[in-house]
Structures are given as structure tokens and as C-alpha cells.
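Trainee:
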Amino acid sequence: MNSFTSLENVKKILVKGRTKTSVIINDIHTDLRVVPRESFGSALQYFTGSKEHNIKIRKIASDKGMKISEYGVFDRKTNKRLAGETEEEVYNALSMAYIEPELREDRGEIEEAMKNKLPKLINEKDIKGDFHVHTKWSDGANSIEEMAGAGIKKGYSYIAVTDHSKSLRVARGLKENDVSGQIDEIKKINKKYPNFKIFTGTETDIKENGELDFDDSLLKRLDVVIAGVHSKLKIDEKTMTERIITAMGNKNVDIIAHPTGRVIGKREPYRLNMEKILDAASRNKTCLEINALPDRLDLNDTYIKMAREKSVKLCINTDAHNLSHFDMMKYGVFNARRGWLTKNDVLNTYSADEIKDFFAK
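Its first residue numbered -10, the sequence shown is counted upward by one per residue in this note's numbering.
#1: The beta strand (DSSP E) spanning Val335 covers which residue range?
#2: Excluding sequence positions up to five away, which residues of its chain have a Cβ less than 6 Å from the Cβ of Asp284?
#3: Using CA atoms only, rank isn't needed, just tell me which of Arg326, Glu76, Lys176 is closest to Phe188.
#4: Reducing DSSP to helix, strand and coil, say where Tyr35 ends up.
#5: Classify Thr338 as buried or exposed, calling it buried when 16 or more other Cβ atoms lie within 10 Å of its own Cβ.
#6: When the distance is taken between beta carbons, is Ile116 closer than 8 Å to Val301?
#7: Phe188 bridges to which residues according to DSSP?
#8: Counting only the same chain and skipping the five closest in sequence on each side, list residues whose C-beta sits under 6 Å from that of Pro108.
#9: Within 7 Å: the Cβ of Gly170 and any heavy atom of the ligand MN?
#10: Alpha carbon to alpha carbon, how far is Gly238 from Asp95?
#11: Quickly, what does DSSP pair Ser11 with across the bridge? List them, please.
#12: Pick out whichever of Tyr80, Ile172, Pro258, Met295 has its Cα sitting closest to the Cα of Lys223.
#13: What are the start and end residues of the alpha helix (DSSP H) that includes Glu264?
#14: Closest by CA to Ile244, which one among Met229, Val218, Arg260, Asp225?
#15: Measuring CB to CB, does Gly199 end up less than 8 Å from Glu174?
#16: In terms of residue numbering, what span does the alpha helix (DSSP H) encompassing Met208 cover?
#17: Given a cut-off of 8 Å, decide if Ala149 and Asp212 are closer than it, judged by their beta-carbon atoms.
#18: Are the region 97 to 114 and the region 164 to 172 in contact at 8 Å, needing three or more beta carbon pairs?
#19: Roughly how many whole angstroms lie between the Cα atoms of Asn262 and Glu226?
#20: Spatial neighbours of Val242 within its chain, please: C-beta separation below 7 Å, excluding the five flanking residues on both sides.
#21: State yes or no: is the C-beta of Phe203 within less than 8 Å of the C-beta of Ser154?
#22: Between which two residues does the beta strand (DSSP E) containing Val42 stretch?
#23: DSSP state of Ala130, grouped into three classes?
#24: Nearest by alpha-carbon distance to Gly61: which of Arg327, Ser28, Tyr80 is it?
#25: If I follow the unbroken alpha helix (DSSP H) through Phe347, where does it start and stop?
#26: Leaving out five residues before and five after His123 in sequence, what residues of the same chain have Cβ atoms less than 6 Å from its Cβ?
#27: Looking at the secondary structure, which residues open and close the alpha helix (DSSP H) in which Val122 lies?
#28: I want to know whether the region 34 to 50 touches the region 74 to 94 - three or more CB-CB distances under 8 Å.
#29: Can you grab the Cα-Cα spacing for the pair Arg65 / Lys56, in whole Å?
#30: Go through its chain and collect everything with a Cβ distance to Glu197's Cβ below 6 Å, but skip five positions before and after it.
#31: Where does Arg70 fall in DSSP's three states?
#32: Could you check how far apart the C-beta atoms of Thr(-6) and Lys5 are, in whole angstroms? I think they sit under 8 Å.
#33: Who pairs with Met55 in a beta bridge, going by DSSP?
#34: Using CA coordinates, which residue listed in Asp16, Arg260, Lys106, Leu286 is at the minimum distance from His247?
#35: Rounded to the nearest angstrom, how far is the Cβ of Ala72 from that of Val79, given a contact under 8 Å?
#36: According to DSSP, simplified to helix, strand and coil, what is Ser154?
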């Protein structure tokens, strides 16, 4: 405990004892608990699950003549320990499959675990590429070839270069002739990397009326068209919903970027009717982005699960503006797991050839 309370970033010690110490680290209340080895799994399960998840788990244990706490699973009559060393033991004692930590929210995971029908959640190793990548052509810090090199280093099969469009002047958005020049450059670079594909693309602005910043004649030339809202963010729910649905109605639009527009701690989400957005995405076969940047995580896990239930395809992108941003992919994957996503639910687990077929729709 002395080592814990002596950490450099500990601002305040709230409680200090032999088995429990509470401190403030970087403005976050942080606890350190020490438990016997035979209780480690039950303690981990107890403190990982949400309150609602644990209440239901305790009710199920009680109905089975057991009691459960951070110290283990016990027979209520004899007080005999039945499980506790691992989390798997805890769930198995209650006749359930192991529930991944991200799912422990009492959103149906307990019922599915009792039927052994939980989804096999996506992992970062399943990701084969990134569709949302910016370069020096707009507001990125690196060249196309440098970003491709970072993708190759990550073990990816492809990236899509999707620089901003002309209306977003603050981000040095590309004009039509710039896009044509970028297409030519990408063709040349692709010849140098036969086992890696750079898709041509854009992150085109969605205007207030739902129209796009580029004409269809240009969008048709691109492999991947991402559309996103970057202006007039505070309009009413009906108008914003119709704005995005109109954009999805354009057959050239493949992906909607950061669909709710939130920036955590800085900007609230747009006012949207998400049911209508998801229905339109399903109808138009438009992919919705899970933006992996930690201050976005947009879509959030609740909307991700809703999208999955409506068979909407999703993709996890980093919105990379420099080489280090590719490392943010893990946060998008964490969020996708909270939303119950499997490998098959996420577009950028597909091969480059499968991607071409999907976007050809």
C-alpha cells in the first residue's frame, strides 16, 4: 500500500489500510483492493460489473441457494465455497457462460449467457484497415506514403485516404482539382506496394440541406466516400436528422463519419432521432463509423448495440491525422465490444476485395 500511495500522480489519500486504499489520481477516485488468491476472480467480477449486472447476478445466486460477494460464491446453508478463484468459475457456478467485462451492463447479457448464446466479440487483431485517414493534402501531418507505411506497420491490408472537402477551409479542404491530383498520386504509390491497397476517398462535408460538398461526378471516381457534418451543429432534431438521412440517400455515400458529433467534455452530441438514422442506414446500406479517438468514441456503445440489432454495418476508424493516431484503434474496438459487435459486424475486418464488393453495392 505504501508503494501505491507513493505514486507520483497521487493527489490525495482518502483511506489507507491493509486490504483497501483509496486515492485521487489525475482527479479520478482510484481504489486498490487486496483479496485472498481464492477470491481474486470473484473480486474482479464484482468490481467490474455494473451495479445492475451484479444485482441480477446476486438474485440468480439466491434463487439457486447460493450467495455471492467479492469473496466468492458460497452455499447459503453450509457456507461452503463453491467458486471464486477465477471469473469463469463464478459464472459457471451459476450455470452461465463467461461474460466478457465489456458486456456486464444488464442489457441482456445474463440471459444470453444462461443460454450459452453470447456473441464472440471483435478483437483488434481482426481489423484489416482504416477508412478514415487524413494527410498533408488537408489538415494531416504526414504524406500519403507515410500514412500507408504506418498502416503496413500495423499489419493492415489497406487504408482509405479521406481528406476534407472544400467547404472546410479551416482544415484546408480539397477542391475538385486537388482530389484529381490526389487520385493520381495514390495510383502511383499503389504500384509500389502490391500487397497493400490505398483506397481513394474523401470526407465530404454534409451541407445544412443534406447535399454534399462535391458533385456526384467526382464522388463516383472515388473508392470510399465518407460524409460528415462539420458546420451548423446546433440545429433542431428534425432538421439535423433529415440532413443526415438525405446524405445517406446519395448512392455514392459509403460511410457516415462521427455520426452524433460529440466531443467528450467539450461538445454535446447533435440533436438526432437515432432510430430514424439507423433505419435509414439499414435501408440505404450505409456504414456508420465508430470513431476511435478517445475524445469522440462516436458512435457510443448504446447506439452501436442498437445498430447491430438493426443489422446496420459499422466500421471502426481512427480519423488519423498523424502516424500515432493509428494506435487509437484499440479504443474504438473497446467501444465496439461494449456494443456487442462481432468480427462480422465490422466492415474493416473484411479483405480489400470484399471491401470493393461492399462499396460497389
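Glycine included, each C-beta is placed from N, C-alpha and C at the ideal position.
Mentor: To lay it out plainly:
#1: Where Val335 is concerned, there is no enclosing beta strand (DSSP E), given that its DSSP letter is neither H nor E.
#2: So the list reads Val252, Ile253, once near-sequence residues are dropped.
#3: Lys176
#4: Note: Tyr35 maps to helix in three-state DSSP.
#5: It is buried - the Cβ of Thr338 has at least 16 other Cβ atoms within 10 Å.
#6: no
#7: For Phe188, the pairing in a beta bridge is given by DSSP as Ala149.
#8: For Pro108, where only same-chain residues beyond five positions count, the Cβ hits under 6 Å are Trp329, Thr331.
#9: Ligands are entirely absent from the displayed structure, and the ligand MN is therefore not among its contents.
#10: 35 Å
#11: In the DSSP assignment, Ser11 forms a beta bridge with Val4, Asp20.
#12: Pro258
#13: 263 to 273
#14: Each of Met229, Val218, Arg260, Asp225 was checked against the Cα of Ile244, and the nearest Cα belongs to Val218.
#15: no
#16: For the sequence presented, residue 208 should be read as Leu rather than Met. Note, Leu208: alpha helix (DSSP H), 205 to 208.
#17: Going by beta carbons, Asp212 and Ala149 fall inside the 8 Å limit.
#18: no
#19: The C-alpha of Glu226 is placed about 7 Å away from the C-alpha of Asn262.
#20: Val214, Ala216, Ala236, Thr275
#21: yes
#22: Checking the displayed sequence, the identity of residue 42 turns out to be His instead of Val. Segment 40 to 52 is the alpha helix (DSSP H) holding His42; no beta strand (DSSP E) there.
#23: coil
#24: Ser28
#25: 341 to 349
#26: Gly129, Asp152, His310
#27: Looking at the DSSP string, Val122 is not in any alpha helix (DSSP H); the run it does join, the beta strand (DSSP E), is 118 to 122.
#28: Three or more pairs of CB atoms, one per stretch, sit closer than 8 Å, so the region 34 to 50 contacts the region 74 to 94.
#29: In a straight line, the C-alpha of Arg65 is about 6 Å away from that of Lys56.
#30: Lys221
#31: Residue state, collapsed to three classes: strand.
#32: 6 Å
#33: Asp64
#34: Leu286
#35: 5 Å
#36: strand
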